[in-house]
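Chemist: What follows is a single structure, and I will ask about it in a moment.
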DNA sequence: TAAGTATATTATTATAATATAATATGAAAA
DNA sequence: TTTTCATATTATATTATAATAATATACTTA
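Protein chains in written order, with the working numbering: chain A, 1 to 103; chain B, 1001 to 1103.
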């Protein structure tokens, strides 16, 4: 009984760690904005720049960060680099956020 | 047409700011853990300490931070201080996170 | 191959978050 | 009233994040 409770606390701890890391990657106004636009589908860096504002450098750095955290993947086609959301869970999260906070 | 688009981008920007602030307040393993336990109902600081681990000081500071961000409210009754989630949106968010990432 | 365009990287500085230890408050019990 | 217990506050050192400017890469087109 006791050990089961304490196991699930340990497990909960692990899950909180990994979910908090994801939230941390999202919890910046511009990164959230980027994700919101990407939730509608793949976009190039230039398009995102136009939609989200901010300097070229910061956009690129934010995208890189989210890629490192496995929220995004990118693909170079010709002169452009296209980013998209990697994991359907992230897409679900963005939609949940929208549902909860934007209506 | 154009002005409407740009209005909604401005609005989106505002929303991203405020949602990102909430996410930022949540995006730490221990703060998320605290919130998860509080999602089940009001708890005293001591109970949370037992459930979440960490030093007394850090727990108290994290709770204060989340209170400042209006995620929590507290009430002193006798010797104990009880915290609970202030806003049903936050409760919804915690449940969504659980649904998306913990099954 | 030279020039232009899109994106990435690096360096730097400023600011913010974290962990920790030490101390303070304030209610309750002895 | 002194002591104890629960919680809060303050101070501080360390580390992480953010913003910005400058430069680099690498693909494409002239």
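Every residue gets a Cβ at the ideal spot worked out from N, C-alpha and C, and that includes glycine.
1) May I have the straight-line CA-CA distance separating residue 75/A from residue 1022/B, to the nearest angstrom?
2) Are the stretch 1091 to 1103 of chain B and the stretch 1058 to 1066 of chain B touching by the rule of at least three beta carbon pairs closer than 8 Å?
3) Which residue's Cα is closest to the Cα of residue 1036/B: 1072/B, 1081/B, 1080/B?
4) Which whole runs of the alpha helix (DSSP H) in the stretch 1024 to 1085 of chain B are 4 residues long or more, in chain order?
5) What residue from 1059/B, 1053/B, 1094/B has the CA that sits closest to residue 1086/B's CA?
6) Between residue 38/A and residue 84/A, which are expected to be in contact by the criterion C-beta below 8 Å, what is the C-beta distance as a whole number of angstroms?
7) If you reduce the DSSP assignment to three classes, tell me which class residue 102/A lands in.
8) For the candidate residues 11/A, 16/A, 10/A, 9/A, whose alpha-carbon lies nearest to that of residue 1097/B?
9) Hey, residue 20/A and residue 1028/B: beta-carbon distance below 7 Å or not?
10) In whole angstroms, what separates the C-alpha of residue 1011/B from that of residue 33/A?
11) Residues in the stretch 26 to 43 of chain A with C-beta within 8 Å of chain B's C-beta atoms, listed in sequence order?
Modeler: So, from the listed chains and residues:
1) Taking the first chain and counting its residues from 1, the one referred to as residue 75/A is at position 75. Taking the second chain and counting its residues from 1, the one referred to as residue 1022/B is at position 22. So the alpha carbons of these two residues sit roughly 31 Å apart.
2) no
3) Sequence index remark: in the second chain, residue 1036/B carries index 36 (1-based). Among 1072/B, 1081/B, 1080/B, the Cα nearest to that of residue 1036/B belongs to 1072/B.
4) Secondary structure in the stretch 1024 to 1085 of chain B: the alpha helix (DSSP H) runs of 4 residues or longer, each lying completely within the stretch, are 1029 to 1038, 1045 to 1052, 1056 to 1068 in chain order.
5) As a working mapping, residue 1086/B is identified with position 86 in the second chain. With distances taken between CA atoms, residue 1086/B lies nearest to 1094/B out of 1059/B, 1053/B, 1094/B.
6) Within the first chain, the letter at position 38 stands for residue 38/A. Within the first chain, the letter at position 84 stands for residue 84/A. Right, their Cβ atoms sit about 6 Å apart.
7) Numbered from its first residue, the first chain carries residue 102/A at position 102. Of the three classes helix, strand and coil, the one that applies to residue 102/A here is coil, per DSSP.
8) As a position in the second chain, residue 1097/B is number 97, starting the count at 1. Checked all of 11/A, 16/A, 10/A, 9/A; the closest Cα to residue 1097/B is 16/A.
9) By one-based count along the first chain, residue 20/A stands at place 20. By one-based count along the second chain, residue 1028/B stands at place 28. Between residue 20/A and residue 1028/B, the C-beta spacing is below 7 Å.
10) Residue mapping note: residue 1011/B aligns to position 11 of the second chain, counting from 1. Residue mapping note: residue 33/A aligns to position 33 of the first chain, counting from 1. Taking the straight line joining both Cα atoms gives about 11 Å.
11) 26, 27, 28, 29, 30, 31, 32, 33, 36
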